[in-house]
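Engineer: Numbering of the sequence shown is given in the UniProt record's numbering, commencing with residue 1 and proceeding in unit increments. By construction, the Cβ of each residue, glycine as well, lies at the ideal position given by its N, Cα and C atoms.
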Amino acid sequence: MIAEIVVSVLLVVGGLFGLVGSYGLVKLPDPMTRLHAPTKSATLGVGAVLIASLIWFPARHGALTWHELLITLFLFLTAPVTGYFIAKAHMHLGWSRDELPRPAPGKDWATFADPDKASLVDRRPGD
């Protein structure tokens with residue numbers, strides 16, 4: 001009985017997050033703000049549904065399956081990376097360096113940095 005209530009709550013929460021994510025994807029004004037809807041809200045919605053499934057099968061059938069947990073971990077690891085790559089591609093295709101917010105003094109956007117200079121990874125502490 002408790003497992004059914006928890007699963008029901010997770011499914012409703014997942015549905016609400018999915019609804020908010022899809023609404024944001026359609027209604028937000030530009031690509032950078034639309035990017036947040038699927039990477040945040042929809043990811044949490046799908047994650048809630050998968051966790052509900054992870055709880056349902058052991059509670060109802062007595063068999064523990066790890067498929068849902070692996071799918072959830074994969075989703076939570078890949079969605080932010082995908083969002084990052086889409087944002088970086090949008091920066092290169094749609095904006096010039098002058099249109100971006102100014103980084104800290106002495107710093108530059110890594111995506112627009114001069115390839116001949118050393119990257120932040122190559123610098124030693126104190127440089």
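Tell me the residue span of the alpha helix (DSSP H) that contains residue 155.
Structural biologist: There is no way to answer for residue 155, as the model of the chain reaches only from 1 to 127.
Engineer: Near residue 53, what residues of its chain come up, given a Cβ to Cβ distance below 6 Å and the 5 sequence neighbours on each side ignored?
Structural biologist: For this step, residue 53 is matched to residue 53 along the sequence shown. 68.
Engineer: If you follow the alpha helix (DSSP H) that residue 41 is in, where does it begin and where does it stop?
Structural biologist: In the sequence shown, residue 41 corresponds to position 41, counting from 1. Run containing residue 41: none; DSSP gives neither H nor E here.
Engineer: Can at least three beta-carbon pairs, one atom from the segment 59–73 and one from the segment 27–42, be found at a separation below 8 Å?
Structural biologist: With a cut-off of 8 Å, the segment 27–42 and the segment 59–73 do not count as touching, because too few Cβ pairs lie within range.
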